[in-house]
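Participant:
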Amino acid sequence: MNPQMPSHPSREPGPLALWRAWPTRALASLAHSRFGEPGPRLSRALLRIAATALAGGLLSAAMVRFSPGFGLDEKQLDARLSRQSQEAVLRSHDQERNPLRFYAAWWKRVLAGDLGFSQSLNRPIRELLADRAPATIDLMLGGIAGAWVLAIVFSVPAVVRRLRRLAALSSVFSGIAASLPAAGIAILLFRLGSSAKWMIALVLFPRLYQYLRNVLQPASGMPHVLLARAKGLRWQPLLWRHILWPARAQLIALAAVSINMAFGAAVAIEAICDIPGLGQLAWKAAAARDLPVLVVLTVMIALLTQMSNLVADLSTPALRSQS
Amino acid sequence: MKFIRHLAETLLLALLLAAVWPGALTRTPYDRQFRELPNAPVSRQFPLGTDELGRDRLSRLLYGTRVSLLAAPAAALLSTILAALVGGLAGFLGGWFDRAAVAAIDLMLSLPWLFLLIIVRAMLPLNVPALLSVLVTFGLIGLLGWPSAARIVRAGCRTLRCSGLVLQARACGLPKGRVLLKHVLPNVRPILTAQFRASIPIYILAEANLGLLGLGVADPLPSWGNLLRPLESGLAPDWAAWAPLILMLLVVSCLYLTQSSEVVVR
Chain U
29 MNPQMPSHPS REPGPLALWR AWPTRALASL AHSRFGEPGP RLSRALLRIA
79 ATALAGGLLS AAMVRFSPGF GLDEKQLDAR LSRQSQEAVL RSHDQERNPL
129 RFYAAWWKRV LAGDLGFSQS LNRPIRELLA DRAPATIDLM LGGIAGAWVL
179 AIVFSVPAVV RRLRRLAALS SVFSGIAASL PAAGIAILLF RLGSSAKWMI
229 ALVLFPRLYQ YLRNVLQPAS GMPHVLLARA KGLRWQPLLW RHILWPARAQ
279 LIALAAVSIN MAFGAAVAIE AICDIPGLGQ LAWKAAAARD LPVLVVLTVM
329 IALLTQMSNL VADLSTPALR SQS
Chain G
27 MKFIRHLAET LLLALLLAAV WPGALTRTPY DRQFRELPNA PVSRQFPLGT
77 DELGRDRLSR LLYGTRVSLL AAPAAALLST ILAALVGGLA GFLGGWFDRA
127 AVAAIDLMLS LPWLFLLIIV RAMLPLNVPA LLSVLVTFGL IGLLGWPSAA
177 RIVRAGCRTL RCSGLVLQAR ACGLPKGRVL LKHVLPNVRP ILTAQFRASI
227 PIYILAEANL GLLGLGVADP LPSWGNLLRP LESGLAPDWA AWAPLILMLL
277 VVSCLYLTQS SEVVVR
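Chains U and G, in that order, give the protein sequences. For what it's worth, the numbering used here labels the leading residue of the first sequence as 29, then goes sequentially. For what it's worth, the numbering used here labels the leading residue of the second sequence as 27, then goes sequentially.
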């Protein structure tokens, strides 16, 4: 008997148990330095994330400040306002004229728990985010889930069970979805009376399908998979234990990327379908050059993307250690 | 597959010819208004009917195809040049420039492409002459589209930096700039070509998204984006109003088919 082989394979934790355990293992790896030097690696990653978010916010502040029409307010056209009132309206943008000063003051307020005030929507930004975030989160979660279901339904049987007709049909369907703009898909499905979640799902589907096929196809041609297939293993355990499980790190990375893609699609879809979410807020704020809202949204989205990528990065060594 | 690819190339060529010489298929200027015939149905005079201002839809579609099919490659060229410059210099020089370039690429890629595009375009003036709006829209798409390509070019240049041919060239005393231009960039040309070709359909779709949101090419100049705007209004459009979307689907599918082995992530 090979001494390196486990003597009681049945006592090994199953894939489900390992999946459940990965967050604990990822955190443990950071605390106990199990994978090289994770402490410095994590601090470097967090530092990079903070720097990216800071730079993103500063960039958006500078862009808005130097965009044409900044500082103009439609209230200035109101003939009922006295000269003093009009001057006061003009002065209300004074603190935003120097983007560096504005940005430093903004961070000071944010650290004190104040996200600022939206002049175009005349409401505190915290309230706007609290009102609109649930709609976008719901839309994104539903859309991402729908896209994953579609991608799995179309790619897994085609690759694992080698159904050529389904593979061809999936490629055509994915090609059509990839050849339409997100806003075009939104209009098409809106006319058909579909939910906005399906719009996000259909925008994300071709990308997820393509990646999933690229991950599954080489995995299904590996010698151990062919051997298991030749030995007559049923396709469900074959898929779970020998194809999906070894590719879990790539799948987690793909899940992280899909958050970024979903938000991009949500901006166009919320604007087209008039859904009061964060995407529509971003669009309205950009059109009104609402600097504080844009800075908050840019920093928030940069942080969300970077954090989801970090979680995917951290999970990779933690998952590898379980193999 | 080869047959389908040839078919797609032929179709693209025919569409490109029709777009470059729209006068061969229609005699009506794209901005001529038949005020007595608004929303006219399909007829021999107007094969796709007229829009709400009485303009010939076929003529607008052909001229719009010209704008999208010619401006998208120009934007792709701009972003590829930027990617070659930033990615090439970062990968070849290394050091602080590389770190700064990677930070800039990370920052740009951490914001969703469509979000960034909509935000930046909305900040720029919208009430500009039609021709200038084409330049602004596609120029912006090109200026914001370089990061993903730059990351790939940087990786290619980093590999080449330690290769024998570059070490030999530097040992012979060639200045860094010359090594980059003569030995490094020509070796990443296949990557740049693939990025250029893969960017074209993405930029066509980006312009369509902007146009549909009213942030793209300005009327009266047609583009696929602003031709799709009537679909967004509450009125039920007739089947001919869907023609730009169908044509875009056909062209972008054909573009994907002609480059099926090249994949770009965005």
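Note that the Cβ used here is the ideal one computed from N, Cα and C, for glycine as well.
(1) Using a Cβ-Cβ cutoff of 9 Å, what residues of the region 293-308 of chain U are near chain G? List them in chain order.
(2) CB-CB under 8 Å to U/Y237, same chain, minus the five flanking residues each way: which ones, in chain order?
(3) Hey, is U/P96's beta-carbon within less than 8 Å of any beta-carbon in chain G?
(4) Find the nearest neighbour of U/G84 within the set G/S69, G/A130, G/A100, G/M149, judged by alpha-carbon distance.
(5) Any beta-carbon of chain G closer than 8 Å to the one on U/D341?
(6) Measuring straight from C-alpha to C-alpha, what distance separates G/W265 and U/W226?
(7) Using 8 Å as the Cβ pair cut-off and three pairs as the minimum, do the region 122-139 of chain G and the region 176-196 of chain G touch?
(8) What residues in its chain sit with their C-beta under 7 Å from that of G/W110, if we drop five residues either side in the sequence?
(9) Can you look up U/R193 in the DSSP assignment and give me helix, strand or coil?
(10) Which whole runs of the alpha helix (DSSP H) in the region 171-229 of chain U are 4 residues long or more, in chain order?
(11) So within the region 150-176 of chain G, which uninterrupted alpha helix (DSSP H) runs reach at least 4 residues, ignoring any that extend past its ends?
(12) Please confirm whether G/V93 and G/V160 have their CB atoms less than 8 Å apart.
(13) For a test of the three-state rule: what should DSSP assign to U/G64, helix, strand or coil?
(14) Using a Cβ-Cβ distance under 8 Å, would G/R177 count as near chain U?
(15) Can you tell me which of the three DSSP states U/P152 falls into?
(16) For G/V278, report the span of its alpha helix (DSSP H) as first-last.
(17) State whether the region 130-148 of chain G contacts the region 245-261 of chain G, with contact taken as three or more CB pairs (one from each stretch) at a distance under 8 Å.
(18) In chain U, which residues lie less than 7 Å from G/N235 when you measure between Cβ atoms?
(19) List, in chain order, every chain U residue whose beta-carbon is nearer than 8 Å to that of G/Y282.
(20) Under 7 Å Cβ-Cβ, which residues of chain G neighbour U/Q147?
(21) Inspect the beta-carbon positions of G/L143 and G/L103 and report whether they are closer than 8 Å.
(22) Excluding the 5 residues flanking U/A186 on each side, which residues of the same chain have their C-beta closer than 6 Å to its C-beta?
(23) Taking Cβ-Cβ distances below 9 Å as the criterion, which residues of the region 126-158 of chain U are in contact with chain G?
(24) Compare the C-beta of G/P155 against all C-beta atoms of chain U and say whether one is closer than 8 Å.
(25) Using CA coordinates, which residue listed in U/P209, U/R219, U/N337 is at the minimum distance from U/A283?
(26) Given a cut-off of 8 Å, decide if U/M168 and U/I77 are closer than it, judged by their beta-carbon atoms.
(27) Considering only heavy atoms of the ligand MG, does any lie closer than 7 Å to the CB of U/A310?
(28) Work out the CA separation of U/D166 and U/A297 for me, nearest whole Å.
(29) Whole angstroms is fine: what's the gap from U/V339's alpha carbon to U/V243's?
(30) Go ahead and pull the three-state DSSP assignment for G/A40.
(31) G/R70 and G/I76 - do their beta-carbons sit closer together than 8 Å?
(32) Pick from U/P274, U/A258, U/L255: whose alpha carbon is nearest that of U/A247?
(33) Three-state secondary structure (DSSP) at G/D82?
(34) Under a CB-based cut-off of 8 Å, is U/Q334 close to chain G?
(35) Skipping 5 residues on each side, what residues in its chain have a beta carbon closer than 7 Å to that of G/R196?
(36) Run through DSSP, which three-state label would U/Q334 get?
Facilitator: Looking at the atomic coordinates:
(1) A293, A294, V295, A296, A299, I300, G307
(2) L178, A179, F182, S183, S198, S202
(3) yes
(4) G/A130
(5) no
(6) 23 Å
(7) yes
(8) In the sequence under discussion, the amino acid at residue 110 of chain G is Ala, which differs from the Trp named in the question. Closer than 7 Å at the Cβ level, and outside the excluded window around G/A110, lie V179, L211, L218.
(9) helix
(10) 192-206, 210-219
(11) 156-170
(12) yes
(13) In this prediction, U/G64 scores a pLDDT of 48, lower than 50, which makes its location untrustworthy; no coordinate-derived value is stated.
(14) no
(15) strand
(16) 269-284
(17) no
(18) P209, A210, A211, A296
(19) G203, A206, S207
(20) Under the 7 Å cutoff, chain G gives no residues; its nearest Cβ is about 15 Å from U/Q147.
(21) no
(22) L194, A195, S198
(23) none
(24) no
(25) U/N337
(26) no
(27) This structure simply doesn't include the ligand MG, nor any ligand for that matter.
(28) Ala is not the amino acid found at residue 297 of chain U; the sequence shown has Ile there. Roughly 13 Å separates the two Cα atoms.
(29) 20 Å
(30) helix
(31) Note that residue 76 of chain G corresponds to Thr in the displayed sequence, not to Ile. No, Cβ-Cβ distance for G/T76 and G/R70 is not below 8 Å.
(32) U/P274
(33) strand
(34) yes
(35) V205
(36) helix
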